[in-house]
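Below is one structure, written out as structure tokens; the observations come after it.
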Amino acid sequence: MIKYKNKQYRTLDDFHNKRMKDRVYRRAYDELGFEFSLVRAIIDARLSKGITQKEIAKRMGTKQSSIARFESGKYNPTLAFDIFILVDDIRVYTRALSAAEVL
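Going by the UniProt record's numbering, the first residue of the sequence shown is number 1, and it counts up by one from there.
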């Protein structure tokens, strides 16, 4: 749990650790491990810079809901499905993340 603006929030690690006890979840996670690790690294990078989903969405020219779907796993383009779209999305995301250093 983390505290932000005097509220307690469950972290991604909290959720993940709880779900990893479920056999079906663990099997699915293991099969998609690289993709989950990539998304997790992207989220960690955003959080470490203190950037909100709304801020990163604005810098990327998209909506906060799109970032939320991507980060939640509701929209995770698989590498096998379309590597070019994924790489382009990550490139745009990291550029927007890097812009925080200039602001």
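Even glycine gets a Cβ: it sits at the ideal position worked out from N, Cα and C.
None of the values given here were measured: they were computed from a predicted structure.
Residue i vs residue j beta-carbon contact at 8 angstroms
| i | j | result |
| --- | --- | --- |
| I42 | Y93 | yes |
| K63 | L97 | no |
Those residues which DSSP pairs with residue i across a bridge
| i | result |
| --- | --- |
| K7 | Y4 |
For residue j and residue i, the rounded distance between their alpha carbons
| i | j | result |
| --- | --- | --- |
| R91 | K18 | 31 angstroms |
| Y29 | G61 | 30 angstroms |
| K58 | R27 | 35 angstroms |
| T52 | M20 | 27 angstroms |
| E71 | I2 | 18 angstroms |
| L32 | Y25 | 11 angstroms |
| A45 | L38 | 11 angstroms |
| K54 | R40 | 18 angstroms |
| D22 | F36 | 17 angstroms |
Any chain B beta carbon closer than 8 angstroms to residue i
| i | result |
| --- | --- |
| T11 | Any reference to chain B falls outside this structure, which holds one protein chain only. |
Residue i CB to nearest heavy atom of the ligand ADP below 7 angstroms
| i | result |
| --- | --- |
| T94 | The model depicted lacks the ligand ADP and carries no ligand whatsoever. |
Subject >> Within the region 37-76, ranges of the alpha helix (DSSP H) (whole runs, at least 4 residues) >> reply: 53-60 and 64-72
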